[in-house]
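Asker: Going by full-length UniProt numbering, 141 is the number at position 141 of the sequence shown; the sequence numbering is gapless.
Even glycine gets a Cβ: it sits at the ideal position worked out from N, Cα and C.
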Amino acid sequence: MQSALILAGAAIAQVANAHSHDARHARLHGKRVVVTDVEVAVVTVWETVTAGGAAAAPTTQAQYVAPTSQAPSNYGPAPSAYSSAASSVSVAAASSVYSPAASSISVAPVASSSSAAAPSSTLVTSVSSAASVAAYSSSSAAAPSGYAASSSAASSAAAPSGSGVSASNLTPNGKKAGLSGYIGIQNTQSFSDMAPHISWYSDYTPNTPDEQGVTGIGMLWGADGSPCGSDMTTRLATYEQMMANNTIPSIMFGFYEPDCTCTMSSDMSTSDAATQWESLIAPLAAKGTVLGSPSMCKQYDEDFLTPFKSAIQTDWDVTSIHINKPNVTEAQKDVEYYVQTYGKKVWVSEFACVNDQPSWSPCTDQTQIDTFINDVVSYFEGSSDVVAYGPSNGAGLGDAWPLTDSTTGELTATGTTYVNAIKGL
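Written out as structure tokens, the structure reads:
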């Protein structure tokens, strides 16, 4: 049972020169120069169904590691995306049965709450189709994830003023699409081009500033027990100052990939992470802050969160996950592993196209990248288990993936593809 809503036409783009796995260790959330020709974007709206599933009517909403002795050598980070035109690409259905949404589609203008550079209205598309997430068993093969924190300098901007996120409404301002960036990304032209179409972004600091109508989402990257030096301690000091000033965010994530080593992950034991969670993050729950789990470097092969969960008294509200996979089928496995294991909605705080088996190899073919972006955006939008998602935009992901050109600050072909995939949502 499949039918697809395919938006737009086609163009061709090719970008080469992938970085090796070791390249991702070069720097924390650095920017990349990406030379592109023509942009491509494909949008297929999918809904997940099980055989004999009853019809439901979900509403699609518009809306950045180093290996340890425990982690396979193929763990790494993931950047972002951008393209322009759209192409009609046929996508093989995942084994769990992807059913494109087709029954009824209604589009209505909704007043935007965004400020500077935000559009005066936002389109909310209601798609009726069968919706039910099919089960996947997690693969035993190693799955990469990771993505490092940005720079050692902590942002001086004020903490996010409000995201519309609450325990009962986990999608920022009703729009899932966002961006995983780096410190200063909000000052680029690419960010301005994305701002009308995203609701949130992260720069890996506790006090990510709101910008151009886009809500900054904070993260406590690491804490005592992490050996990661000034990048960790600077951010921790910023967080502690926020708490001293009683600056209470609507949502806070922590910690960044404690299951992998410095410098691109926070490298914490489950015991240290649990202690610091209860000391630093858990108290926010009583003040109304939504708590996001530590994000894992190892994707669905992680072995950190279960003992961590057993060691804490204050549970998280939403599970932060990283997806570094080559296709939507593998991305779905990642989502379903976390939903089934921890019983909570997921926030895809990073995703990127990576050929992660048998070793870490960022995608270099622009057509593969474009297909991946459009397929996963469609899946994320159609899945009631995914409350938000944003592409990575940092080190270790080769030359073809990053959304922002490091020289001009403009959108790359991958970035353009992402914008085209989300701008009609």
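Tell me whether K287 is buried or exposed, calling it buried when 16 or more other Cβ atoms sit within 10 Å of its Cβ.
Answerer: Per the 10 Å Cβ criterion, exposed.
Asker: Classify G181 as buried or exposed, calling it buried when 16 or more other Cβ atoms lie within 10 Å of its own Cβ.
Answerer: With 16 or more other Cβ atoms within 10 Å, it is buried.
Asker: Quick one: Cα of V354 to Cα of Q212, how far?
Answerer: Those two C-alpha atoms are separated by around 30 Å.
Asker: Quick check: the Cα distance between V387 and T407, rounded to an integer number of angstroms?
Answerer: V387 and T407: Cα-Cα distance of roughly 33 Å.
Asker: Use the C-beta contact count for T306: other C-beta atoms within 10 angstroms, 16 or more gives buried, fewer gives exposed.
Answerer: With fewer than 16 other Cβ atoms within 10 Å, it is exposed.
Asker: Based on the DSSP secondary-structure assignment, which residues constitute the bridge partners of F351?
Answerer: Answer is I323.
Asker: What would DSSP say about W277, mapped onto helix, strand or coil?
Answerer: Looking at W277 - three-state DSSP - the assignment turns out to be helix.
Asker: When we look at the beta-carbon of N324 and count the other beta-carbons within 10 Å, is it buried (16 or more) or exposed?
Answerer: Per the 10 Å Cβ criterion, buried.
Asker: Cβ of Y379 within 9 Å of Cβ of Q332?
Answerer: Yes, the Cβ-Cβ distance between Y379 and Q332 is below 9 Å.
Asker: Rounded to whole angstroms, what's the CA-CA distance from S166 to G292? Just pull it up for me.
Answerer: Cα to Cα, S166 sits roughly 12 Å from G292.
Asker: May I have the straight-line CA-CA distance separating A395 from A352, to the nearest angstrom?
Answerer: About 11 Å.
Asker: Got a sec? Which residues, its chain only, sit under 6 Å from F372 by beta carbon, not counting five neighbours each side?
Answerer: Within the same chain, F372 has close Cβ partners C353.
Asker: Classify N420 as helix, strand or coil using the three-state DSSP reduction.
Answerer: N420: helix per DSSP, three-state reduction.
Asker: Run through the stretch 239-325 for me and flag every whole alpha helix (DSSP H) of 4 or more residues, listed as ranges in chain order.
Answerer: List check, alpha helix (DSSP H) in window: 270-276, 305-311.
Asker: Hey, how far is the Cα of residue 432 from the Cα of L425?
Answerer: Only positions 1 to 425 of the chain appear in this structure, which leaves residue 432 out of reach.
Asker: Where do the N-terminal and C-terminal ends of the beta strand (DSSP E) with G174 fall, by residue?
Answerer: Run containing G174: none; DSSP gives neither H nor E here.
Asker: Whose C-beta lies closer than 7 Å to the C-beta of N173 among residues of the same chain, with five residues either side of it excluded?
Answerer: Result list for N173: S113, S163, G164, S199, T215, in chain order.
Asker: Are residue 447 and W221 close, meaning C-beta to C-beta below 9 Å?
Answerer: Residue 447 is absent from the model: the chain starts at 1 and stops at 425.
Asker: In the DSSP output, what is A388 paired with across the bridge?
Answerer: In DSSP, A388 forms a bridge with W347.
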